[in-house]
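Numbering (our numbering), first residue to last: 30 to 176.
Please read the structure below before turning to the comments.
Dropping the structure here:
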């Protein structure tokens with residue numbers, strides 16, 4: 030089964046990525062995703078989300094601006110071939126957003142997970158709350174309980 034080794038198994042969001050750059054937040058599970066990026070993918074909007082979170086940590090003096098910028102550069106290099114353009118997912122994301130009552134940019138993650146038949150791994154509580162009791166719940170895996 031050599032052809033399936035690099036198959037996308039997980040769609041990840043910024044809640045998976047940010048711990049890679051915060052020593053106090055790095056968990057064995059977060060590190061596992063960093064080490065197994067060949068199985069991960071994300072929509073293009075993740076760059077904005079990661080950038081926003083890094084900016085907020087810099088504003089709170091949890092990271093220096095230099096470290097935040099270096100983290101963003103590393104993220105872009107690490108995920109270079111693992112990003113799906115948001116435009117490719119926008120139509121389906123809008124449909125999902127109407128079902129879940131979540132903003133369309135957030136639903137790009139769901140659209141990609143659905144397209145790739147992959148699990149959306151996240152610690153982002155609004156995702157978990159939005160899918161509770163819906164058919165979308167089966168595609169979401171909580172990072173905090175991942176094993």
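Each residue gets a CB set at the ideal place from its N, CA and C atoms; glycine is no exception.
Here the structure is a predicted model, which means the values were calculated and not measured.
For residue i, count the other beta carbons within 10 Å of its own beta carbon; 16 or more makes it buried, fewer makes it exposed. Which is it?
{"i": "residue 126", "result": "buried"}
{"i": "residue 120", "result": "exposed"}
{"i": "residue 56", "result": "exposed"}
{"i": "residue 61", "result": "exposed"}
{"i": "residue 30", "result": "Any reading at residue 30 is ruled out, since the residue's pLDDT is 36, under 50, leaving its predicted position unreliable."}
Would you tell me roughly how many angstroms separate the C-alpha atoms of residue i and residue j, rounded to the nearest one?
{"i": "residue 146", "j": "residue 37", "result": "8 Å"}
{"i": "residue 96", "j": "residue 58", "result": "22 Å"}
{"i": "residue 136", "j": "residue 123", "result": "7 Å"}
{"i": "residue 99", "j": "residue 115", "result": "24 Å"}
{"i": "residue 87", "j": "residue 80", "result": "10 Å"}
{"i": "residue 66", "j": "residue 110", "result": "10 Å"}
{"i": "residue 158", "j": "residue 50", "result": "26 Å"}
{"i": "residue 168", "j": "residue 63", "result": "20 Å"}
{"i": "residue 118", "j": "residue 140", "result": "6 Å"}
Is the beta carbon of residue i within less than 7 Å of some heavy atom of the ligand FAD?
{"i": "residue 56", "result": "Absence of the ligand FAD is noted for the structure shown, with no ligands found whatsoever."}
Hey, residue i and residue j are a contact pair by Cβ (cut 8 Å); roughly how many whole angstroms apart?
{"i": "residue 113", "j": "residue 148", "result": "That belief does not hold up - the Cβ atoms of residue 113 and residue 148 are roughly 16 Å apart, past 8 Å."}
{"i": "residue 45", "j": "residue 150", "result": "6 Å"}
{"i": "residue 211", "j": "residue 142", "result": "The structure shown does not extend to residue 211, since the chain is modelled only from 30 through 176, so no value can be given for it."}
{"i": "residue 105", "j": "residue 76", "result": "7 Å"}
Apart from the five residues on each side of it in sequence, which residues of its chain come closer than 8 Å, Cβ to Cβ, to residue i?
{"i": "residue 78", "result": "42 and 43"}
{"i": "residue 54", "result": "47 and 48"}
{"i": "residue 68", "result": "35, 36, 37, 38 and 39"}
{"i": "residue 155", "result": "131 and 135"}
{"i": "residue 172", "result": "44, 45, 58, 59, 150, 151 and 152"}
Closer than 7 Å by C-beta to residue i: which residues in its own chain qualify, once you throw out the five before and the five after it? Chain order, please.
{"i": "residue 138", "result": "40, 42, 72 and 149"}
{"i": "residue 153", "result": "42 and 44"}
The region 80 to 99 contacting the region 129 to 140, beta-carbon criterion three pairs below 8 Å: no
Taking one C-beta from the region 157 to 169 and one from the region 71 to 78 each time, how about it: are there three or more such pairs within less than 8 Å? no
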